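Asks:
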Amino acid sequence: MKYTKNYKIGFHQTDLNFKLKPYEFMNIAQDIATDHVESKGCGQLDLRKEDLAWMLIKMNTEFIQMPCNMQDVTVQTWHKGQMGPIFYRDYTMSDTNGNLLIKSTSIWATVNVKTRSLSHPKSILSDCIINEDAMTDRNIKLRIPSELSLVKECVHTVTYSDIDCNKHVNNTSYVIWALNTLPYDIVAKRGVKSIEISYLNETKPDTDVTIKILSAQDNNYYFKMFDAAGSPLAMLRIGIN
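Here it is, written out as structure tokens:
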């Protein structure tokens, strides 16, 4: 069965239009995925017994209709199977009438916390595979068109609020950084219709992250993020309505 939770969208999760902030859906998705794997006996504390941890590799999300402040919604997630240390997971958010608001697909991996390399765990989640796609994207990396030109470059220094319990930058922080580089009126007035992100390397505290914003194509903005040594950290695509 799909793992299901009901939520009420909180005031702190919404923007100036009383609509859910795009990255807040990602927070909700992380939380329900965590709850699901913990209920199946393979949460973070369980995996630590094998020196393993979950790591998000890729996420692709479409915002069909943003829920509003104080709106009741239902969120579902399910495991779609694995290939070695790679796991596929989808999500949906619907209103109380069953109308689809948001759909998303993600790719996770199990990583050895000592070697920081991908590692195949013992059999997990094999009893709850659901062969249904909210979205059909299994590409590990985001593909950024080569012909796009640079329109802006800025630097963000990783601070306390960016770091999670794994002592590296939380998945949602990269999306926040990207959104904050876009013109305010574009995001505030037109809104976000999609976000696709590939996580390439973990980012530690006090890292200076260079963010390169590439010219929009068909209302899509692309982002490349690097550390001071030039190592790629993440790539994003944000679609604007």
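Residue numbers (our numbering): 1055 to 1295.
Backbone N, C-alpha and C fix where the C-beta goes; we use that ideal spot for every residue, glycine too.
What you are looking at is a predicted structure, and each value in this text was computed from that prediction instead of being measured.
Need the endpoints of the alpha helix (DSSP H) that THR1169 sits in, please.
Replies: THR1169 -> no alpha helix (DSSP H), and no H or E assigned at all.
Asks: Please report how far the alpha carbon of GLU1139 lies from the alpha carbon of SER1160, in whole angstroms.
Replies: It is worth fixing the name first, because residue 1139 is Pro in this sequence and not Glu. In a straight line, the C-alpha of PRO1139 is about 14 Å away from that of SER1160.
Asks: Determine, using beta-carbon pairs with one atom in the region 1248-1256 and one in the region 1106-1115, whether at least three such pairs fall under 8 Å.
Replies: yes
Asks: So THR1150 is in the beta strand (DSSP E); what residue range does that whole segment cover?
Replies: Element bounds for THR1150: n/a, residue is neither H nor E.
Asks: Buried or exposed, going by whether 16 or more other CB atoms sit within 10 Å of the CB of SER1177?
Replies: exposed
Asks: Mind checking who LEU1110 pairs with in its DSSP beta bridge?
Replies: TRP1162
Asks: Express the C-alpha separation of ASP1069 and HIS1210 in angstroms, rounding to a whole number.
Replies: 22 Å
Asks: Measure from the alpha carbon of LYS1062 to the alpha carbon of each residue in TYR1077, LYS1056 and ILE1082, then state which is nearest.
Replies: ILE1082
Asks: Which same chain residues end up closer than 6 Å to THR1128 when comparing Cβ atoms and leaving out the 5 residues on each side of it in sequence?
Replies: ASN1060 and SER1148
Asks: Mind checking which residues open and close the beta strand (DSSP E) that includes ASN1060?
Replies: 1057-1062
Asks: DSSP beta-bridge partners for ALA1288?
Replies: TYR1253 and MET1279
Asks: Buried or exposed: MET1109, going by 16 or more other Cβ atoms within 10 Å of its Cβ?
Replies: So MET1109 counts as buried.
Asks: Which partner residues of LEU1236 appear in the DSSP bridge assignment?
Replies: Beta-bridge pairing links LEU1236 to no other residue.
Asks: Name, in chain order, the residues that DSSP records as bridge partners for VAL1129.
Replies: LYS1059 and MET1147
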